[in-house]
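Under my numbering, the first residue of the sequence shown is numbered 1285, with each subsequent residue one higher.
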Amino acid sequence: MSEYHVTPASNPWKRRLPILMLAHVVGTLHISTLVVMAPVIKEDLSLSFAQFGLLVTAYSIGQITGSLPAGNLADRVGVGWALVAAHVLLIAGALMLTQTTGLWLAFASMVVTGWGYSIVNPATAKGVFESFPPSRRGTAMGIKQTGVPLGGVIAATLGAFASTGAWHWITVVVAALTVAGGAACLLIVEKPKPRVKAVSRSRFGTLGEVAKDFNFGRFVLSNMMFNVGQNNFFAYLTLFVREAAQVSQELAGACYGIAQTASVVGRLGWGAISDFLFKGRRKRLTVAIGASAAVFLATMAAIEPRAGMTVAVALSVLLGLTIASYAPLMQTMAVEGVQPRLVGSATGYNLVGTYIGSIAGPPLFGWVVDITGMFDSGWYMCAALVGVGVLMLAFGFRERGL
1285 MSEYHVTPAS NPWKRRLPIL MLAHVVGTLH ISTLVVMAPV IKEDLSLSFA QFGLLVTAYS
1345 IGQITGSLPA GNLADRVGVG WALVAAHVLL IAGALMLTQT TGLWLAFASM VVTGWGYSIV
1405 NPATAKGVFE SFPPSRRGTA MGIKQTGVPL GGVIAATLGA FASTGAWHWI TVVVAALTVA
1465 GGAACLLIVE KPKPRVKAVS RSRFGTLGEV AKDFNFGRFV LSNMMFNVGQ NNFFAYLTLF
1525 VREAAQVSQE LAGACYGIAQ TASVVGRLGW GAISDFLFKG RRKRLTVAIG ASAAVFLATM
1585 AAIEPRAGMT VAVALSVLLG LTIASYAPLM QTMAVEGVQP RLVGSATGYN LVGTYIGSIA
1645 GPPLFGWVVD ITGMFDSGWY MCAALVGVGV LMLAFGFRER GL
């Protein structure tokens, strides 16, 4: 396992972890502002539900095509430089989006943005693994992952100012914040450690080792199903609440912010609970969270104009605590399931499954809604797929010893 050298000057809780969390805040802003401003962007670019889903899919295409080399990059150049590279790509994607007037430039911009964020997850997961012992790793991963919902909360705030035409300027603000985040990552840049050549003879040798682990492969498939539910929940929440509950853009955006705020609590709480109550055995807790999320996703069909906002707020909280909060546990199980030298590659491999779910989920959801004319069918589909993921995790994955 890794060695830990914690001194007052290098305490990772005070120096390294806040920057890892900030990387998620900034990275999440890009996709979150897109989905929060979905009604405005959809109208401004004259997109159908399925076409808007393609923008979310484009982001996922960037992530899946970037995740394998991203994990290898983090293993080779270190956490700091990998995160700097991530921010450069995120800035490029945001600037492209500010110039779009139609579907395809927006699609390309989201692919580039996805490439940027594909580096953030393996780099920050590796940073947590290197800096914290197993007894505190779930807590640290949870704190690090709170950057995701915090970015969503900021996006919800920015989205309240969205209007036709003005959303381009909000994207400029996101790009400026990303520049600041990239500068902060320079503070944790370290000289890459020399690699042992005998361990891996090819550029993707470590990935090959991870891919041969079929137990880990079943874990990846389970994570893919979970992410279908999470990605569709956030991608269509504001569109659904605005249409089903017949409320304003501001109130629909508020539900998004509420879900992200609940996710902050969930990500912090589940990580700590897995460390202190479950003693690092995270599988059973994740299964319970996923099963609850499947029920809540199916219940989304209950939102309607009469008292719809009340139900929407309640489900935003419950799904924020479940489907939006499982990721720290999954990431921790992923890094603990392989040898320390394989952490970056294992995280990248795990993210392939995650992003396949992201790619397939939104357009499938939009297609179901378009052909049935009802959002209810989309939520039932999400609930069923998350349920499959729960069963795969419960009966197909063997959690490794600490």
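No residue lacks a Cβ here, since even glycine has one placed at the ideal position from N, Cα and C. Since the model is a prediction, treat every value here as computed from it, not as a measurement.
Given residue i, which residues of its chain have a CB within under 8 Å of its CB, disregarding the five upstream and five downstream residues?
i, result
"Val-1670", "Met-1509, Phe-1510, Val-1512, Gly-1513, Gly-1574, Ala-1577, Ala-1578, Leu-1581 and Ile-1607"
"Val-1396", "Gly-1346, Leu-1373, Ala-1376, Gly-1377 and Met-1380"
"Val-1404", "Ala-1307, His-1308, Gly-1311, Leu-1367 and Ala-1370"
Please state the DSSP three-state secondary structure of residue i.
i, result
"Val-1395", "helix"
"Val-1622", "coil"
"Leu-1301", "helix"
"Met-1593", "helix"
"Gly-1277", "Any property of residue 1277 remains undetermined from this structure, which presents the chain solely from 1285 to 1686."
"Pro-1433", "helix"
"Met-1321", "coil"
"Ser-1609", "coil"
"Val-1473", "coil"
"Ile-1315", "helix"
"Phe-1503", "helix"
"Arg-1684", "coil"
"Pro-1418", "helix"
"Ala-1440", "helix"
"Ala-1446", "coil"
"Ala-1482", "Low confidence applies to Ala-1482: its pLDDT is 45, below 50, so where it sits in the model is not reliable, and the reading given next is rough at best. It is coil, neither helix nor strand."
"Ile-1427", "helix"
In the DSSP assignment, find the alpha helix (DSSP H) that holds residue i and state where it starts and stops.
i, result
"Ser-1576", "1567 to 1583"
"Leu-1648", "1627 to 1656"
"Asp-1497", "Unbroken run through Asp-1497: none, as it is neither H nor E."
"Pro-1296", "Run containing Pro-1296: none; DSSP gives neither H nor E here."
"Ala-1668", "1659 to 1680"
"Val-1456", "1451 to 1469"
Using the C-alpha atoms, what's the distance from residue j back to residue i?
i, j, result
"Ala-1392", "Val-1601", "33 Å"
"Ser-1484", "Thr-1570", "Since pLDDT at Ser-1484 reaches only 47, below the 50 mark, its modelled position is unreliable, and the value read off the structure follows with that caveat. Their Cα atoms are separated by approximately 33 Å."
"Thr-1545", "Thr-1312", "14 Å"
"Phe-1681", "His-1308", "28 Å"
"Leu-1434", "Val-1372", "21 Å"
"Val-1458", "His-1314", "7 Å"
"Gly-1645", "Asn-1516", "6 Å"
"Gly-1465", "Ile-1375", "10 Å"
"Asn-1356", "Gly-1501", "18 Å"
"Ser-1532", "Glu-1493", "51 Å"
"Leu-1304", "Phe-1416", "13 Å"
"Leu-1379", "Thr-1455", "8 Å"
"Ala-1598", "Arg-1625", "43 Å"
"Val-1595", "Arg-1300", "39 Å"
"Val-1412", "Thr-1656", "44 Å"
"Ala-1467", "Val-1368", "8 Å"
"Glu-1414", "Ser-1609", "23 Å"
"Glu-1327", "Lys-1428", "35 Å"
"Val-1432", "Lys-1496", "31 Å"
"Glu-1534", "Met-1665", "27 Å"
"Gly-1436", "Leu-1521", "13 Å"
"Ala-1667", "Cys-1539", "20 Å"
"Ala-1482", "Thr-1462", "Summary for Ala-1482: the model assigns pLDDT 45, below 50, so the residue's position carries little reliability; its value from the coordinates is reported in the next sentence. Taking the straight line from one Cα to the other gives about 38 Å."
Cutting at 6 Å between CB atoms, please list the residues of its own chain near residue i, excluding the five before and the five after it.
i, result
"Arg-1487", "In this predicted model, Arg-1487 has a pLDDT of only 45, less than 50, meaning its place in the structure is not dependable; the value taken from the coordinates is given anyway. Same-chain partners within the cutoff: there are none."
"Gly-1426", "Arg-1551, Leu-1552, Gly-1555 and Pro-1612"
"Gly-1650", "Phe-1333, Ala-1334 and Gly-1337"
"Val-1504", "Asn-1634 and Gly-1637"
"Asn-1252", "For the chain, the structure presents residues 1285 to 1686; residue 1252 sits outside this window and is missing."
"Ser-1402", "Gln-1347, Gly-1350, Ser-1351 and Ala-1354"
"Leu-1318", "none"
"Gly-1632", "Ser-1351, Leu-1352, Ala-1354, Gly-1355 and Pro-1406"
"Ala-1358", "Ala-1366, Pro-1406, Ala-1407, Lys-1410 and Gly-1628"
"Ala-1585", "Asp-1660 and Trp-1663"
"Ala-1519", "Val-1319, Val-1340 and Pro-1646"
Using a Cβ-Cβ cutoff of less than 7 Å, which residues in the same chain neighbour residue i once the five nearest sequence positions on both sides are dropped?
i, result
"Ala-1390", "Leu-1329, Leu-1339, Leu-1381 and Thr-1384"
"Ser-1274", "This structure does not reach residue 1274, given that the chain is present from 1285 up to 1686, and the question cannot be answered."
"Ala-1528", "Ile-1587, Glu-1588, Gly-1592 and Phe-1659"
"His-1452", "Thr-1382"
Measuring from the CB of residue i, is there a heavy atom of the ligand COA at a distance below 7 Å?
i, result
"Leu-1306", "You won't find the ligand COA in this model; it holds no ligand whatsoever."
Does any residue of chain B bring its CB to less than 8 Å from the CB of residue i?
i, result
"Glu-1493", "Although the question refers to chain B, the structure presented lacks it and comprises just one protein chain."
Any alpha helix (DSSP H) of 4 or more consecutive residues that is wholly inside the stretch 1507 to 1563: 1533 to 1560
Tell me the start and end of each unbroken alpha helix (DSSP H) in the stretch 1323 to 1360 that is at least 4 residues and wholly inside, in chain order. none
What runs of the beta strand (DSSP E), each 3 residues or longer, lie entirely inside the stretch 1369 to 1414? none
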